[in-house]
Structure formats: C-alpha cells, structure tokens
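In our numbering, the protein residues as written are 36 to 218.
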C-alpha cells in the first residue's frame with residue numbers, strides 16, 4: 036500500500052472516530068434544532084442527570100464554575116427564575132471546567148435548589164483536546180445556558196453573561212421561555 040493511500044485510510048479512520056466520540060455537555064451548542072444528545076452526567080452522590088429524556092416540560096441547563104465571575108453574576112437570575120418557573124421548567128445545573136473537588140465545594144457553597152451535575156475538566160479534556168477547545172471560539176465559554184423543549188429538542192443556546200447597553204447583567208431566560216409559551 037502506498038504512503039499516500041495509507042495516509043488517506045488513516046485520516047478517514049480518524050474522522051470517523053472523531054464523528055463518533057462521546058458527546059460533551061458543551062455539544063448542546065451544536066444541537067440547536069436537534070434532539071439533545073445522550074450525556075452521561077451525574078450529581079455528586081452519583082444520581083444520574085439525563086438531559087435527553089423528554090419529561091413533558093422544558094429543561095433549562097446552566098453551565099458554571101466557581102472561579103467564573105460572570106457565572107457568579109448570573110446565579111441570582113438563575114435562582115429567581117427557578118422560583119418563578121421551577122414548577123413548569125426542569126432546571127439542571129452543571130459545574131464544569133474545574134476539578135471535581137472544587138465543583139463539590141461550589142455546589143455546597145451555592146446551595147442551588149435544583150439538581151447540579153459535575154462535569155470535571157478532566158472529563159472534557161479526555162474527550163476534546165485542550166488545544167482544540169481553545170481554538171473552537173465561544174463553544175467552551177461559561178456561563179453557558181441551554182433550553183431544551185418538552186419534546187427533548189435543544190431550542191436555544193447562549194454563552195456568556197448577557198449585558199444591556201449600559202453593561203449591566205440581564206436575565207434572558209424569561210424571554211426564551213416566552214418563545215416556548217411559558218410566561
């Protein structure tokens with residue numbers, strides 16, 4: 036077999052393998068308009084957290100880390116939205132981009148009133164090379180928010196803290212929920 040043919044075969048196998056890698060929680064960004072991918076998420080106690088299983092109500096997913104200042108600024112909005120919409124919308128937090136010990140400490144400190152999964156940085160780095168993460172643009176930026184409709188389809192994805200024209204944080208979840216008919 037010639038070197039050129041061998042390179043072509045190996046390159047094709049690499050592409051096939053890359054296309055079939057285990058999805059990460061950040062892949063929800065790529066799935067707007069598609070069913071949420073099956074993801075292996077778990078709370079600190081091992082309780083599974085499924086995002087792809089339709090439950091008859093929308094699911095809001097909030098990705099954050101304890102070291103992330105914009106995430107900290109978003110937390111009051113997330114808490115208020117849970118109080119306002121929590122009976123009609125399933126809320127799931129996911130602590131990302133830090134080690135599991137830091138994530139556990141943040142979960143205790145933040146005491147969010149809904150399930151919070153841990154997706155440690157080591158798990159992401161094992162699936163996606165850190166250099167590829169850095170080159171991907173905003174996909175791996177946090178906070179990251181995703182809204183999955185009642186049928187399990189990812190409807191909205193947004194990264195970073197939303198700001199108004201004066202630079203003050205803004206809560207955009209109510210606007211996105213209104214587009215799903217939830218006021």
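Backbone N, C-alpha and C fix where the C-beta goes; we use that ideal spot for every residue, glycine too.
- Query: Going by other Cβ atoms of all chains shown within 10 Å of its Cβ, with 16 needed for buried, is residue 157 buried or exposed?
  - Reply: Along the chain shown, one-based indexing puts residue 157 at 122. It counts as exposed.
- Message: From the DSSP secondary-structure annotation, give me the bridge partner or partners of residue 191.
- Response: Residue numbering aside, residue 191 sits at position 156 when the chain shown is read from its first letter. According to DSSP, which records beta bridges pairwise, residue 191 is partnered with 182.
- Have a look at the DSSP bridge pairing and note the partners of residue 94. As a first step, residue 94 must be located in the chain shown, where it is residue number 59. Partner(s): 125 and 183.
- Message: On the CB-based measure, 16 or more other CB atoms within 10 Å of its CB, does residue 180 come out buried or exposed?
- Response: Within the chain shown, residue 180 is the residue found at index 145, counting from 1. Buried, by the Cβ-count rule.
- Item | Backbone CA spacing between residue 138 and residue 131 [nearest angstrom] | By 1-based counting over the chain shown, the position of residue 138 is 103. By 1-based counting over the chain shown, the position of residue 131 is 96. Between residue 138 and residue 131, the C-alpha separation is close to 8 Å.
- Message: When you compare the region 57-76 with the region 103-113, are there three or more beta-carbon pairs, one atom per stretch, that lie closer than 8 Å?
- Response: no
- Message: Output needed for residue 102: all residues of its chain with C-beta closer than 7 Å, excluding positions within five of it in sequence on either side, in chain order.
- Response: The residue given as residue 102 occupies position 67 in the chain shown. Correct list, in chain order: 133.
- Message: Between which two residues does the alpha helix (DSSP H) holding residue 212 run?
- Response: Start at 1 with the first residue of the chain shown, and residue 212 comes out as number 177. Its alpha helix (DSSP H) spans residues 208-214.
- Message: Beta-carbon within less than 7 Å of residue 145's beta-carbon, same chain only, minus the 5 sequence neighbours each way: which residues are those?
- Response: The count along the chain shown starts at 1 and reaches residue 145 at position 110. Only 110 meet the Cβ criterion.
- Return helix, strand or coil for residue 61, following the three-state DSSP convention. Here the question's residue 61 lines up with position 26 in the chain shown. Here residue 61 sits in helix by DSSP.
- Sequence-distant residues of its chain with Cβ nearer than 7 Å to residue 57 (five each side left out): On the chain shown, residue 57 is found 22 positions in, with the first residue counted as 1. Closer than 7 Å at the Cβ level, and outside the excluded window around residue 57, lie 162.
- Got a sec? Which residues, its chain only, sit under 6 Å from residue 73 by beta carbon, not counting five neighbours each side? Position 38 of the chain shown, counted from the first residue, corresponds to residue 73. These residues qualify, in order along the chain: 87.
- Query: At a cut of 8 Å, does the region 91-98 reach the region 116-131 through at least three beta carbon pairs?
  - Reply: yes
- Task: Would you tell me roughly how many angstroms separate the C-alpha atoms of residue 207 and residue 84, rounded to the nearest one?
- Result: Along the chain shown, read from residue 1 onward, the residue named residue 207 stands at position 172. Along the chain shown, read from residue 1 onward, the residue named residue 84 stands at position 49. Rounded to the nearest angstrom, the two C-alpha atoms are 24 Å apart.
- Where DSSP assigns a beta bridge to residue 154, which residues make up the other side? Residue mapping note: residue 154 aligns to position 119 of the chain shown, counting from 1. In DSSP, residue 154 forms a bridge with 131.
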